[in-house]
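Visitor: Chains as they are written, first to last, in the working numbering: chain X, 1 to 629; chain R, 1 to 447; chain P, 1 to 468; chain C, 1 to 105.
Pasting a structure below so you can have a look.
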Amino acid sequence: MEKLVALIPLFPALGFLCITFLGKNMSKTAVGTLATAMVGISFVLASLVFSTQLHEGHATMVKVFDWIHVGTFKVDISFIVDPLSSLYILFITGVGSLIHLYSIGYMHEDEGFNRFMSYLNLFVFFMLLLVLGDNLLLLFVGWEGVGVCSFMLIGFWYKDHANNDAAKKAFVINRIGDLGLLLAMTLIFIQCGSLNYNDLMISGGDIASLGKWTTLAAILLFIGAMGKSAQFPLHTWLPDAMAGPTPVSALIHAATMVTAGIYLVARFSDLFAMSEMASQVVTWAGVITAVMGASIALTQNDIKKVLAYSTVSQLGFMFAALGMGAYSIAVFHVVTHAFFKALLFLGSGSVIHAMGGEQDIRRMGGLKNHMSITYWTFLIGTIAIAGIFPFAGFFSKDQILAHAMENNLTVFVLLMLAAAGTAFYMFRMFYLTFHGKFRGTHEQEHHLHESPATMTTPLIVLAIASTIGGFIGFPHAIGESLHVHHWLDHFLSGTVVAAHSHLDATAEIILALVAMGVAGGMIYFAYNTYVSRGINALEDEEINSGLHKLLLKKYGFDELYDNIIRKPIDYIASGLHHWVEDKALMNIVDGSGSSVKGIARLLQGLQNGQIITYLLAMIGGLIALLFLI
Amino acid sequence: MIILLISALLGVALLALEIFKLRSWMMPLMLISFMAILAGTAIQWGLAENIMNQNMISMDAFALKGISILTILAAFWLVTQHKNIQATGNSSDLYALIAFSFCGALLMTNFTNLVMLFLAIEILSIPLYVLAASKRGDQLSNESGFKYFLLGSVASSILLFGIALIYGATASFDLYTIHHFMATQNTHPWIMVGLVMMLVGFAFKISAAPFHFWAPDVYQGAPTPITGWMATVVKGAAIIGMFRLFAGAFEGAMSTFAGIIAIMVTLTLIIANGMATLQHNVKRMLAFSGISHAGFLLSTLLIPGFASQALMFYILGYGIASLIAFTIMQNVGSQIGEELHAFEGLAKKSPFSAAMMTIALLSMAGIPPLAGFFGKYYIISGLMGHYTWLTIIMVLTSVVGMYYYLKVIFVMYGKSENGASYTENGKLYPILGAIALLTLFAFSAFI
Amino acid sequence: MIALAIFSIPLLLSLLLFNSRSNSNKLALTGLMTTLVVAIVGKVLQSYGHIISLDVPLIDTIGFHFSLILDGPAFVMVLLTLIAGIGILYSIDKEIQNANRFYAWSMMMIAAMLGAFMAADALMFYLCYEWALIPIFFLILKWGHGEHLSKITMRFFLYTLFGSLFMMLSLLYVHQSMAHPTFEMNAMWEAGKALTAGQQGWVFAGLFIAFAVKMPVFPFHSWQPSTYDHAPIQGTMLLAAIMLKMATFGLVRWALPMVPAGIEEHGQWAIYLSVISVIYASLMALTQKRLKLMIAYSSVAHVGMISAGVLSNTDQGTVGGLFEMFSHGILAVAMFAVYQMIESRVGHDRMNEMGGIRTSAPSFAFLFFILVMGSVALPFTSGFVGEFLLLQSLSNTGLGLAALAGLSVILGAAYMLRGFQKMMLGGKAIAFSALSSKETMILSIAVIIVIALGIYPNILIQLIQNIL
Amino acid sequence: MEILHNIYIQHYLALSIALFCIGIFGLLFRKNAIIMFMCVELMLNAVNIALVAFSKMHGDTDGQIFVFFIMVVAAAEVAVGLAILMMLYRNMHSTDTDSLNQLKG
């Protein structure tokens, strides 16, 4: 059965090639169907593989061919099938196919439709490579591949340089992380002599031979994860990445690619478990990101920006969990998050579709009467992310909080704040978008409509998923009676270091209630502000409180990096170019030539044509030689 | 002995031909006698070292090598310069003088007695004084002749004084006796002083710094064919004689002289290459490059075990190359001018001349796989490990050398043009080209 | 004997071309293709145990042999030379004056470089190394452009000559240290190893100066940008794609086996220099406004990486170095071909003044993008395999060094994408006629090679390691 | 007659060196070509004195034979030199060597 796994990445690749080379003489529908079908097939295969994993949850390697064999350095194109990877490919292909389907409707008008579909297929291919590879180098292939796809898709509308800049920014910042990953690889190979998970962790355990390098290796890996998963301080690219079409934001920048970092850390849970310090770093990066993302999201008015920052902050939650050793729970949150965040993005896409490209929630309002499906599904997504029982978000987030509570109270409080913020800004956006009266222009209002079926179907499916998706990871307290508690934890235990909360049932329940209480309070607050009192969010120029401005400016990270990194580099480069390249080196090279001539000019004085001089030189030479003897 | 006779009689014969109005026979006669000399060396090659006439000369292997090389050069010179010499009108005198100085050059290779050395040098030089000044109307030619004569005679009198002192110390002019004396007796101060003065005399002849000042002026002023002769055959003969003397008879004293010679080599290389970069007159530039090659030639005295084949090889390679260069120089100079810009666009006017010039210059610059490279190679590899610092100086200066050789090539192949017309001189060129290529490429291997 | 054929076919062709008048292009291309076929056949025969190498004593007094071998590294470089050579001569788009001379010089240069790659004799290597200068000198002088041409050519020639003379000194030093001096490869290696570490250090210094100038490595690179800029584009390709590989190849073939201890104990400065050169060149590329110069500096950065990785003296370093040489050779040809296509259509290569070419020529943009990805070492392109192996090897010397050199991963992405964006993307669509079939051919083949080697590099790696 | 017995080789040598130096100084300080020839002759004759003295000292005749060679050569040189000088004078109407500096640099 596992042998099938080799085919899973194959189909999207085929899709990409077909559309690229044969796409010109195919109808848009045909292209769309082909692309979706390819990912769909992969999804079927993935679920088959997953089901086998359900029964025997051990890791199997499927080697395709030798890749790089140099002396002791041996790396193959070879896939790993184990609970972690099978879970990942399941939701990647699942959500992926849904989003493909959605894109058929969403991008139908765009002239670059074929290009878009082929890129999406290529992305899925690399993403599958990333999670299926059985060694770091193959993971790196996928890692960079998804980076390029994200580059191409963010800059999909390449005629506007703003998009291209966003794309470039995403790629370059990702490269910073990639360098960390590269160095981690070289270090691990030098110390452990292999890059295969099998040798390193599963059966070999060579990772232990890192010795004093453990922490460094872990941190380097985490730097890689930071770049991909937009963790502080490398988070600035993700919000800009919203320049891409909405399905891209849903697929790449919410559901799958940005969670690759979590995959990496979870994959190397043995390594991180060995280094206390690295875990601390991960935790705090996560916490800071979570709080920062949530706080910024409070003030954003672009519907996609809000979702982007909420993604940042949710990723923060996941890394906090990883740092606290709750690897399986982080993965759990990845899955649930994939469901509801994809749902929210697609919903927002549907809204933008209806609003004719308008993204500012201050220009919306009262859409619920016009687009009921979008409204209800969006509501489900919002509740789910706010963490209300029994929606998916509740379980995962609740358990992260539980871990925080027993590990470190400060972390717990901060995460609680972030959770509260999440509830507030999500509902703020929700109310501003769907409730109240319409604040847009007339032709927009006239144009309002529900999206086509290709777009609503994915919404419904994802809505269902985000409703029941949480049940794969029941918390101890509630699940005990049903004998399904921590099912995911057990399922993954073969791969990642298992660590489920040891709070007793009552504590868990109290915690859950507190969390929900806070969320509920926030929701009420939002309702009170934006629905009952009908207040609209402030226009930018009306803002006068400093904190608000700071949040609106996203703590000014972009400006900061501009000033402390990009500008200095340009300055140094141009300085070198002017002083070293053009002045110093040239003068040395050409100067050496002219100095020879200068010396010669001094000698030229002697060659003055006078016999006397020549005689003097001869006699002088003679005398000199006589003295030299 | 027969060899020397041929060369000596040659001059007389040439004068006789003039009397009988048989100028057209001169060139064949000379060629034949050169061939005869080569044949003679070939015959004697096998024979054991034979000393003749009361130890005056000795036809040993070194001498035969030297003779054959000088003869080859002379023959090549004749082939390339014949037309130009004829053009001067008084070819018989010139040929006769050339023949005499050639005879002196041969003597330089095989003397075993200081008297013979002195005579050889004088036979070699005195015709040259005349030849240098042979362009009667031309003031530059006169000036060069006069300078050469005056400085040359001073140099030979210094040399003579050295000879006298050595005679005073060793009571003999015979090199073997002197060699034996120096090997047995403790060195007499007179010998040292005498040696220094002889060194000066020779340094002047091969134009090594600081006794080189005459060379650029004389080379520039003298008629180009004569310059070619002086730069190749004469310089070769001088260095061969010097090598024979210092590496042979006085080798005992070389330990004391090595330092001095190294310094002279360094000075020569630096001054000559430096000065050459400033020249706009190509002929003068070639003169300076000739001086820099004298530096290389002189440095063969420093090679442990005195690698005479390195010396011979260098003379031949450098000689052929610079003869080619001077031939092209003569044609361009007589038709357009001697300044650098006279060469502009030569590649278009006569690709062949340009190609020959380029090959010659690159060979002198020591670019592989030309002979000049191997010449430098043998010397540098000989010095490597013993005078490593000198090899580095040689390398650096040859980069400088590359610069001024390249300037000419640039001008020839560059885009700029001068209107002047140019016609190749003589049908011999293809043959000459063949010979040159053969010697410059192929024979790199056979030594 | 076959080795001799590989060496002599281009040489004879060039002599022939000097005198031929008609369709020299076809003649040259067929010649190179024949050579390529011969080379491959030879390799196959060799793998069946035939002797195809050649060893003729030329000058016994100094032990100079005319000897050619076709072992793994040599074969890979021969392959590169011939493939790149075919691409270069094929990429000539417009009529050039005295075409036959042009092709003749190019063929002679290719012959010289083939000799240098196959040489199993130090002096032979040196001779070919120097000899290759002459043809490129004439190519630049006669077919180059720009008003300071002669000054630039002079600087290029003297600078490289200056460097290689130091190599001669080093080789001679090793040579004269033997009891029975010979230039034969293994003997030279042994003699070099026999020297004390201090002497080896000096010998290495001499060699490295020669190679550093040719590659070039900071601060010996100041001849390179202007030369690349003013040379005829095919000349630039020859320089960047093949000629500088003689230097990197020299490190692998001569420096490493001959003076390992010298590199180990007194040669680390060279690695530091190479790493500095990587960063410096990347920064320079960041400041360039013109495509051609940007490519030139990016090639400096790549070569610095090669030299740093190779000098770290590990399996990965050597193999990765040769792999990267091959991949960089192909990429360099393709990149400069791209430059030629843009320049011939737009009339200049100032990137700021272009934009939106992708709109007019999507397939060109697609191919170009893949090439860009190749040169920023994206996985599944040949660039990645080489760079990763080199980085791996370099981090044996020091993880910090690897980190510094790795900065080129970021900077490279920065300047390459910036250039791509400025020329290809954006709103304003400048007129850009679609590629001719010839141009498409060149780029596609390059792209295919780059990707094929990225996905299945093992074939080349096994060739390098002589396993095949 | 007494005095002659107190004259040793050093004295002859000193004499010849003195003459030689006089010749050199003459060359350096006189501009007239004719006089410069004379100085060269002087140097040659200084050598002759030394040679004769040495041959007396060694009691063999080689040195004295050599002197004859030198004389012959000197004669030849003078002949050539004067010829060149004549030509020079025809072209430049002076025998002042300072004017001979067109070739330089």
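Beta carbons are placed, not taken as given, at the ideal position from N, Cα and C, and that holds for glycine.
All values reported here derive from a predicted model rather than from experimental measurement.
Can you confirm whether Phe66/C, when its beta carbon is compared against all beta carbons of chain R, has any partner nearer than 7 Å?
Guide: Chain R, which has a Cβ nearer than 7 Å to the Cβ of Phe66/C, makes this yes.
Visitor: Of all Cβ atoms in chain X, is any one closer than 7 Å to the Cβ of Gly81/C?
Guide: Chain X, which has no Cβ nearer than 7 Å to the Cβ of Gly81/C, makes this no.
Visitor: Measure the Cβ-Cβ separation of Val496/X and Ala162/X and say whether it is below 7 Å.
Guide: Contact: no.
Visitor: Can you look up Ser532/X in the DSSP assignment and give me helix, strand or coil?
Guide: Note: Ser532/X maps to helix in three-state DSSP.
Visitor: I'd like to check one pair, Val376/P with Ala413/P: are the Cβ atoms closer than 7 Å?
Guide: Yes; because the gap between Cβ atoms is below 7 Å, this pair is in contact.
Visitor: For Gly252/R, return the contacting residues in chain X, with the cut-off set at a CB-CB distance below 9 Å.
Guide: Near Gly252/R there are no residues of chain X at all, since even the closest Cβ is about 14 Å away, more than 9 Å.
Visitor: Taking the alpha-carbon of Met318/X as reference, which of Val306/X, Ser350/X, Ser279/X and Gly356/X has the nearest alpha-carbon?
Guide: With distances taken between Cα atoms, Met318/X lies closest to Ser279/X.
Visitor: Exposed or buried, Asn113/R, counting other C-beta atoms within 10 Å across all chains shown (16 or more means buried)?
Guide: Its Cβ being crowded by 16 or more others within 10 Å, Asn113/R is buried.
Visitor: Does the beta-carbon distance from Thr236/X to Leu552/X come in below 7 Å?
Guide: Their beta carbons are not under 7 Å apart, which means Thr236/X does not touch Leu552/X by this criterion.
Visitor: Sorted by chain position, which residues of the same chain lie with C-beta nearer than 8 Å to Pro181/P's C-beta, five sequence neighbours on each side aside?
Guide: Only Ile62, Gly63 and His175 meet the Cβ criterion.
Visitor: I'd like the list of long-range same chain contacts for Ala477/X, defined as Cβ closer than 6 Å, with 5 residues on each side in sequence excluded.
Guide: Since pLDDT at Ala477/X reaches only 49, below the 50 mark, its modelled position is unreliable, and the value read off the structure follows with that caveat. Contacts found: Ala505, Glu508 and Ile509.
Visitor: Could you give the distance in angstroms between the alpha-carbon of Phe102/P and the alpha-carbon of Ala354/R?
Guide: Roughly 17 Å between the two C-alpha positions.
Visitor: Less than 7 Å separating the beta-carbons of Val411/X and Val334/X?
Guide: Result no, Cβ atoms of Val411/X and Val334/X do not sit closer than 7 Å.
Visitor: By the criterion of Cβ-Cβ separation under 7 Å, what are the contact partners of Ala285/X in chain A?
Guide: The structure shown contains no chain A; the protein chains it does contain are X, R, P and C.
Visitor: If we ignore side chains and look at the alpha-carbon of each, how far apart do Leu48/X and Gly42/P end up?
Guide: For Leu48/X and Gly42/P, the distance between alpha carbons rounds to 50 Å.
Visitor: Once the 5 residues before and after Leu482/X are set aside, which same chain residues still bring their CB inside 6 Å of it?
Guide: Model confidence at Leu482/X stands at a pLDDT of 44, short of 50, so the residue's coordinates are unreliable; what they give is reported in the following sentence. So the list is empty, once near-sequence residues are dropped.
Visitor: In angstroms, rounded to a whole number, what distance separates the CA positions of Gly89/R and Ser24/R?
Guide: Answer to the nearest angstrom: the Cα atoms are 12 Å apart.
Visitor: Considering only the beta carbon of each residue, do Ile110/P and Pro232/P sit closer than 7 Å?
Guide: Not in contact: Ile110/P and Pro232/P (Cβ atoms no closer than 7 Å).
Visitor: Going by CA-CA distance only, name the one from Ala99/R, Leu269/R, Ile359/R and Ala347/R that's closest to Leu396/R.
Guide: Per the Cα distances, Leu269/R.
Visitor: Could you run through the segment 363 to 391 of chain P and flag, in chain order, every residue whose CB is less than 8 Å away from some CB of chain R?
Guide: Flagged: no residues at all.
Visitor: Is the CB of Leu129/X under 7 Å away from at least one CB in chain P?
Guide: Not an interface residue.
Visitor: Can you say whether Val72/C is buried or exposed, counting buried as having 16 or more other CB atoms within 10 angstroms of its CB?
Guide: So Val72/C counts as exposed.
Visitor: Based on Cα-Cα distance, which residue from Gln288/P, Leu399/P and Ala205/P lies nearest to Gly267/P?
Guide: The shortest C-alpha separation from Gly267/P is found at Ala205/P.
Visitor: Since Gly63/C meets chain R, which of its residues come closer than 7 Å, beta carbon to beta carbon?
Guide: Those are Tyr167, listed as they occur along chain R.
Visitor: Note down, in chain order, all residues in the segment 122 to 133 of chain R with a beta-carbon under 7 Å from any beta-carbon belonging to chain C.
Guide: So the list reads Glu122, Ile126, Tyr129, Val130 and Ala133, given in the order they occur along the chain.
Visitor: Give me the residue from Ile134/P, Leu207/P, Trp254/P and Met237/P with the minimum Cα distance to Ala187/P.
Guide: Checking every option, the nearest Cα to that of Ala187/P belongs to Trp254/P.
Visitor: Measure from the alpha carbon of Tyr309/X to the alpha carbon of each residue in Ser209/X, Asp240/X, Arg362/X and Gly204/X, then state which is nearest.
Guide: Cα-wise, what sits closest to Tyr309/X is Asp240/X.
Visitor: Beta-carbon of Tyr614/X versus every beta-carbon of chain C: anything under 7 Å?
Guide: By this cut-off, Tyr614/X is not an interface position.
Visitor: How about Val56/P and Phe117/P: do their beta carbons lie closer than 7 Å?
Guide: Contact: no.
Visitor: Please report the straight-line C-alpha distance between Ile242/P and Leu36/P, rounded to a whole angstrom.
Guide: Their backbone Cα atoms lie some 15 Å apart in a straight line.
Visitor: Is there a C-beta anywhere in chain C that falls below 7 Å from the one on Ile611/X?
Guide: True, the Cβ-Cβ gap to chain C drops below 7 Å.
Visitor: Smallest Cα separation from Phe380/P: which of Leu183/X, Gly224/X and Leu139/X?
Guide: It is Leu139/X.
Visitor: Who are the neighbours of Ile629/X on chain C, taking C-beta pairs under 7 Å?
Guide: Ordered by position in chain C, no residue passes the 7 Å Cβ test against Ile629/X, which lies about 17 Å from the chain.
Visitor: Assess contact between the segment 170 to 188 of chain R and the segment 212 to 228 of chain R, defined as three or more Cβ pairs (one per stretch) separated by less than 8 Å. Is contact present?
Guide: Contact fails: fewer than three Cβ-Cβ distances are below 8 Å.
Visitor: Give the range of the beta strand (DSSP E) segment to which Ser78/X is assigned.
Guide: From DSSP, the beta strand (DSSP E) with Ser78/X extends over Phe73 to Val81.
Visitor: For Gly134/R, does the three-state DSSP call read helix, strand or coil?
Guide: As written in the sequence, residue 134/R is Ser, which differs from the Gly given in the question. Three-state DSSP puts Ser134/R in coil, outside helix and strand.
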